[in-house]
Amino acid sequence: MLDTHRFGLGLRKPHYADFLDGTPVAVDFVEVISENFMVEGGRPLDVLRRVRERHPVALHGVSMSLGSADGLREDYLRRLRALVDRVEPLFVSDHLSWSRIGRFNSHDLLPLPYTEEALEIVCGNVARAQDVLGRTMLLENPSSYVSFAGDIKEWEFLEAVCARTGCELLLDVNNIFVSATNHGFDPIAYLAGIPAHRVRQIHLAGHSQGRELLIDTHDTPVADAVWSLYAAALNRVGPVHTMIERDDDIPPLGELLAELDIARGIGAERARRAA
Amino acid sequence: MRLLALQQNFREWLTSEAADTAAQFGERARPGLGVYLNNYRAQLLAFLSASYPVLRAWIGDAAFESAAATHIDSVQPHAWTLDAYGLDFADTLEHLYPADPEVPELARLERDLAAAFVGLDAAPVVPADLADVDWDTALISLVPTFKLLPVTTNVGAIWSSIANGENPPSAARLPEPASLVIWRHALTPRFRTVTAEEARALRRAQEGESFASLCATLSPETAGSFLGQWLSDGLIACIRCPS
Numbered sequence: 004m005l006d007t008h009r010f011g012l013g014l015r016k017p018h019y020a021d022f023l024d025g026t027p028v029a030v031d032f033v034e035v036i037s038e039n040f041m042v043e044g045g046r047p048l049d050v051l052r053r054v055r056e057r058h059p060v061a062l063h064g065v066s067m068s069l070g071s072a073d074g075l076r077e078d079y080l081r082r083l084r085a086l087v088d089r090v091e092p093l094f095v096s097d098h099l100s101w102s103r104i105g106r107f108n109s110h111d112l113l114p115l116p117y118t119e120e121a122l123e124i125v126c127g128n129v130a131r132a133q134d135v136l137g138r139t140m141l142l143e144n145p146s147s148y149v150s151f152a153g154d155i156k157e158w159e160f161l162e163a164v165c166a167r168t169g170c171e172l173l174l175d176v177n178n179i180f181v182s183a184t185n186h187g188f189d190p191i192a193y194l195a196g197i198p199a200h201r202v203r204q205i206h207l208a209g210h211s212q213g214r215e216l217l218i219d220t221h222d223t224p225v226a227d228a229v230w231s232l233y234a235a236a237l238n239r240v241g242p243v244h245t246m247i248e249r250d251d252d253i254p255p256l257g258e259l260l261a262e263l264d265i266a267r268g269i270g271a272e273r274a275r276r277a278a
Numbered sequence: 005m006r007l008l009a010l011q012q013n014f015r016e017w018l019t020s021e022a023a024d025t026a027a028q029f030g031e032r033a034r035p036g037l038g039v040y041l042n043n044y045r046a047q048l049l050a051f052l053s054a055s056y057p058v059l060r061a062w063i064g065d066a067a068f069e070s071a072a073a074t075h076i077d078s079v080q081p082h083a084w085t086l087d088a089y090g091l092d093f094a095d096t097l098e099h100l101y102p103a104d105p106e107v108p109e110l111a112r113l114e115r116d117l118a119a120a121f122v123g124l125d126a127a128p129v130v131p132a133d134l135a136d137v138d139w140d141t142a143l144i145s146l147v148p149t150f151k152l153l154p155v156t157t158n159v160g161a162i163w164s165s166i167a168n169g170e171n172p173p174s175a176a177r178l179p180e181p182a183s184l185v186i187w188r189h190a191l192t193p194r195f196r197t198v199t200a201e202e203a204r205a206l207r208r209a210q211e212g213e214s215f216a217s218l219c220a221t222l223s224p225e226t227a228g229s230f231l232g233q234w235l236s237d238g239l240i241a242c243i244r245c246p247s
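Taken in order, these protein sequences are the chains called P and L.
Okay, so the first sequence: first residue is 4 according to the working numbering, each after it adds one.
Okay, so the second sequence: first residue is 5 according to the working numbering, each after it adds one.
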């Protein structure tokens, strides 16, 4: 079913001109960071409108803070709903993490303990977000650098959130690899544990070796080990929308499109073997 | 540990770097806590640097990073959008540079240009729209991105030179305080230095005074000149004539 396997890129500022100069760009969809377009007007929304005329757009958020113990910010949800209504996106996603508590917003994706209490809080927040947005969200597995004592594995936690709220998953294969390396779990066991039928989108990205931990930097090409894990992920979840995120040291668009061809090749190989 | 307490402790770690707070997460968490601390500070520094490129060029990289570190130490981000984090950077600079008023003024100019960049859209009035205007009752509405910024230095000239890749002039106090009018024309933020008289007229128009009322305190030549300039700038969003 190769024709149903879609491939895209995270759209970033250095490539706006490439996407708008009239020359077709060989992607099936693009993903944008929601918060960059949750503004009142001006060039960002003009760019998004013109890109949307050419490509399906997925909205990917970094500030919903679905793990906040004190709930979600209603003003944030209303702004995101306005953007959803404007864009009619392919997907709306955010992370299994928290950023804000009280009046402090770290602007980072901070780790959650995988406990029953956290599960109830995340489920309540996901349900509230889906109510305001009027649609199902995708929840992305995070990279993490600290793990807390908890009796639930991350993939079991994700499965429980999906079961209780009806949300779906954005599977970040690089994040699985980074967290598995940092916390010493088996990434194949992770793939085996996720609810495969809930996965609607896959992220691929690069990482870097820090002093003691792997860091999810998005500033390098996708690593060979992550490509291998992507092949394993496709065997598990099938041909779902796949894209590459590059947020730093962003190369010319042609390099990212060539990298996306690697994903296409892995998808084609999976389809050939499945046929 | 309950989730709320854990998140409050994590906040305490990111903002105070207190070793006893870190210890609550256990020795195994130490390397990871360092990563999150670095991410937190690096993200805010990168945001300030990207938001104030002209200011950074004016005071230099080392001074900018020192000022940003002071801001990060003293101001915690609170909004869901990072755009809100830099809004009071000029206040930090005012404390750091009491003898260099162009430094905070440059920050305020960059801040307000950035706000205009993403402000509400509005198609400006063009001369063809003026045919049926009753100037005795006309009310002028300015575009939603309009802002007046009081200045005491030649910060406008400094900004323009640096933004155009030219050598900036030395900082100098203006002979008398003035204002910069800031707005967005089409998709591009703009600014222009205005006299105290024009700033007063713009402020009164924004507050809803009729054009006839403005003209009562201006010479006919000045009123006509202001109106022509505002139309040419694209500063007027609409002219209403209450019946």
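Glycine included, C-beta positions come from ideal geometry on N, C-alpha and C.
Identified DSSP bridge partners for residue i
i: residue 145 of chain L; result: L/242
i: residue 202 of chain P; result: P/172
i: residue 71 of chain L; result: Paired residues: none, contrary to the question.
i: residue 182 of chain L; result: L/155
i: residue 155 of chain P; result: According to DSSP, which records beta bridges pairwise, residue 155 of chain P is partnered with nothing at all.
i: residue 193 of chain L; result: L/188
i: residue 13 of chain P; result: P/34
i: residue 91 of chain L; result: Paired residues: none, contrary to the question.
i: residue 217 of chain P; result: P/212
i: residue 214 of chain L; result: L/143
i: residue 207 of chain P; result: P/247
i: residue 198 of chain L; result: L/183
i: residue 177 of chain L; result: L/157
Range of the contiguous alpha helix (DSSP H) that encloses residue i
i: residue 62 of chain P; result: Per DSSP, residue 62 of chain P belongs to no alpha helix (DSSP H); it is in the beta strand (DSSP E), 60-63.
i: residue 109 of chain P; result: Element bounds for residue 109 of chain P: not the alpha helix (DSSP H) but the beta strand (DSSP E), 107-113.
i: residue 106 of chain L; result: 106-121
i: residue 13 of chain L; result: 7-20
i: residue 22 of chain P; result: 19-23
i: residue 79 of chain L; result: Residue 79 of chain L -> no alpha helix (DSSP H), and no H or E assigned at all.
i: residue 196 of chain P; result: 190-196
i: residue 63 of chain L; result: 57-63
i: residue 78 of chain P; result: 77-90
i: residue 233 of chain L; result: 224-237
Proximal residues to residue i (C-beta, below 8 Å), its chain only, five neighbours per side dropped
i: residue 5 of chain P; result: Low per-residue confidence applies at residue 5 of chain P: pLDDT is 44, beneath 50, and the placement is therefore not dependable, though the value from the model is reported in the following sentence. Closer than 8 Å at the Cβ level, and outside the excluded window around residue 5 of chain P, lie 242, 270, 271, 274.
i: residue 129 of chain P; result: 69, 140, 142, 164, 168, 170
i: residue 171 of chain L; result: 165
i: residue 124 of chain P; result: 70, 71, 72
i: residue 7 of chain P; result: 242
i: residue 262 of chain P; result: 224, 225, 247
i: residue 148 of chain P; result: 114, 185, 216, 218
Neighbourhood of residue i by C-beta, 6 Å cutoff - its chain only, sequence neighbours within 5 removed
i: residue 183 of chain P; result: 190
i: residue 124 of chain L; result: 148
i: residue 143 of chain L; result: 214, 244
i: residue 121 of chain P; result: 115
i: residue 96 of chain P; result: 63, 141, 143, 173
i: residue 267 of chain P; result: 10
Same chain, Cβ closer than 7 Å to residue i, neighbours up to 5 away in sequence not counted
i: residue 104 of chain P; result: 71, 72, 73
i: residue 154 of chain L; result: 181, 183
i: residue 218 of chain P; result: 210, 211
i: residue 199 of chain P; result: 239, 240
i: residue 229 of chain P; result: 176, 177, 180, 207
Residue i: first and last residue of the uninterrupted beta strand (DSSP E) it sits in
i: residue 101 of chain P; result: 101-104
i: residue 32 of chain P; result: 32-36
i: residue 2 of chain P; result: A question about residue 2 of chain P goes unanswered here, because the residues of chain P that appear run from 4 up to 278.
i: residue 97 of chain P; result: 95-98
i: residue 245 of chain P; result: 244-247
Within chain L, the residues that residue i reaches when beta carbons sit closer than 8 Å
i: residue 66 of chain P; result: 84, 85
Contact list for residue i against chain P, beta-carbon separation under 9 Å
i: residue 33 of chain L; result: 148, 149, 150, 151
i: residue 37 of chain L; result: 148, 149
i: residue 121 of chain L; result: 42, 45, 46, 47
Contact set between residue i and chain L, taken where Cβ atoms lie within less than 7 Å
i: residue 121 of chain P; result: 7
i: residue 216 of chain P; result: 35, 36, 39
i: residue 86 of chain P; result: Those do not exist, as residue 86 of chain P stays about 12 Å from chain L at its closest Cβ, beyond 7 Å.
Rounded Cβ spacing between residue i and residue j (contact assumed at less than 8 Å)
i: residue 128 of chain L; j: residue 239 of chain L; result: 7 Å
i: residue 12 of chain P; j: residue 65 of chain P; result: About 17 Å; that fails the 8 Å criterion.
i: residue 245 of chain P; j: residue 197 of chain P; result: Actually they do not touch by this definition, with Cβ atoms about 16 Å apart.
i: residue 71 of chain L; j: residue 100 of chain L; result: 6 Å
Chain-ordered chain P contacts of residue i [CB-CB under 8 Å]
i: residue 188 of chain L; result: 45
i: residue 185 of chain L; result: Result: empty, since nearest Cβ-Cβ is about 18 Å, beyond 8 Å.
i: residue 29 of chain L; result: 149, 151
Cross-chain neighbours of residue i in chain L, by beta carbon under 9 Å
i: residue 41 of chain P; result: 84, 85
i: residue 101 of chain P; result: 7, 11, 14
Listed by chain order, chain P residues near residue i by CB distance under 7 Å
i: residue 115 of chain L; result: Under the 7 Å cutoff, chain P gives no residues; its nearest Cβ is about 15 Å from residue 115 of chain L.
i: residue 47 of chain L; result: 110, 111
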